[in-house]
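Written below as structure tokens is the structure these notes are about.
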Amino acid sequence: MDKYWIWLSSVPGMNAVAFDRLINAFGSPQAVWTEKRSSLERFLPAALLNALLKARNREWAETLFESLEKHRVTCITRADEGYPSLLLEIYDPPPTLFVRGNCEFSSERNLAVVGTRRPTRDGRRAARELSRAIAAHNITIVSGLAMGIDAEAHRGALEAGGRTVAVLPCGTDNIVPRENADLAMEILENGGSLITEFPPGTRVYPSSYPIRNRIISGLCPASLIVEGGFKSGAMVTANLALEQSREVFAVPGSIYSETSHGPNSLIAAGAPLVENEWSILEPMGWASQSTTPKAAAPVIPLSEEEELIVSPLRNEFMNIEELSEYTKIPYERLNFLLTMLELKGIIIKVTGNGYRAVQ
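Have a look at this one:
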């Protein structure tokens, strides 16, 4: 492990372009540690130069490496064999990746799934079900751990028993949003990864998100855009993927929904329209390389009342008020049946106090 490399890439404000400029000028991170200020200031703006000089002392470096050890962060530099090969191909690959969890990355079988933080019911369902179906073919689902589509993509992969990678806009010790902290832990517990180019202790800034998005697209040969407006982060990711010469797929949506403007515009421009997992697996050449399908779970027989409840939940999310109106089952009885169906694993709760059928 090149500690000087990790130190230099951890300097607050240091980006890939500035890092490479210094390496090209002085030959190595260790040389930057000892170089005179007068030489450094020719290559860095004042703010970044001051940050570097402040970080250029043993106490600062020791605190950094203690933090990495405390938070169980593994550092993968561009000089390491384990650095993701596809990420190396982008214009400005991060000098160092800070990783919690699984540190093995096979870029050829990764799919980025991204979208709005405020999805529709159909958007949530598409992200989760498509991610689950695709992950079952030994494809790693990569997303950004944000609320909405990102979270549904991670959960879908986990439901399939697959691997998922969350790319963070901050240090791995600072899960954002905090509502997804449990999801982050579930990702780690199931063989997934939290990955970022920022060292522990780094806060989130508005500029952090597009910086993060280039890694999401850069890790993957293909990206799936589920929902997002014209100027959304999802569309930023789509454009980055296109700049990186990667495939971009899109889920179509209603012309009356603002969150469908982004994907619909991509489809109009020629992006493949996604109807099911095969819309991605076949053109990417992943269908023939799928793992042996898991044995189907036994179907649990349902009573007439239970079938009346579960039937609409196979097609859409519904809350208890909507189910009460649809089924005409008394509220208390309906509440009891929903609880029993959830315990049996036939339905699950979703965001917004709704329910969705699994069986």
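Residue numbers for the sequence shown follow this note's numbering, so the first one is 295 and each next one is one higher. All residues carry an ideal CB built from backbone N, CA and C; glycine is no exception.
Its Cα nearest to that of ILE435, the residue ILE510 stands out among ILE384, TYR385, THR368, ILE510. C-alpha of THR466 to C-alpha of ALA581: approximately 33 Å in a straight line.
For THR553, the three-state secondary structure derived from DSSP is helix. Nearest to SER401 by alpha-carbon distance, out of TYR377, SER437, THR368, ASP416, is TYR377.
Here the alpha carbon of ALA475 sits roughly 28 Å from the alpha carbon of LEU607. Counting only residues of its own chain and dropping the five nearest sequence neighbours on each side, GLY495 has a CB closer than 8 Å to the CB of SER361, GLY465, ASP467, ASN468. VAL530 is positioned such that its CB atom lies closer than 8 Å to that of ASN507. Sequence-distant partners of GLU453 (beyond 5 residues in either direction) whose C-beta falls short of 6 Å from its own C-beta, in its chain, are ARG426. About 32 Å separates the CB atoms of ALA312 and GLY409; that is not less than 8 Å, and the two are not in contact.
Listed in chain order, the non-local C-beta contacts of GLU571 below 7 Å within the same chain comprise LEU424, ALA427, ILE428, local neighbours out to five positions each way being set aside. The beta strand (DSSP E) runs lying completely inside the segment 492 to 538 and spanning 3 residues or more are 516 to 519, given in chain order.
The beta-bridge partner set that DSSP reports for ARG336 is empty. Under DSSP, TYR649 shares a beta bridge with MET612, LYS643. Of the residues assessed, TYR625 falls on the exposed side of the cut-off, its CB having fewer than 16 other CB atoms within 10 angstroms.
Under the three-state reduction of DSSP output, ASN396 falls in the coil class, being neither helix nor strand.
Using a 10 angstroms sphere on the CB of LEU382, the tally of other CB atoms stays under 16, which defines it as exposed. Your pair VAL305 and ALA345 checks out as a contact, with CB atoms roughly 6 Å apart and the cut at 8 Å. DSSP places ASN344 within a helical segment (H, G or I) once states are collapsed to three. Every unbroken stretch of the beta strand (DSSP E) spanning 3 or more residues and falling wholly within the segment 360 to 435 is given here in chain order: 368 to 371, 390 to 395, 404 to 408. Burial is judged here by how many other beta carbons sit within 10 angstroms of a residue's own beta carbon; TYR499 has fewer than 16 and is exposed. Following the DSSP letters along the chain, one finds ALA325 in no beta strand (DSSP E) but inside the alpha helix (DSSP H) bounded by residues 323 to 328.
DSSP lists GLY395, VAL459 as the bridge partner or partners of SER487.
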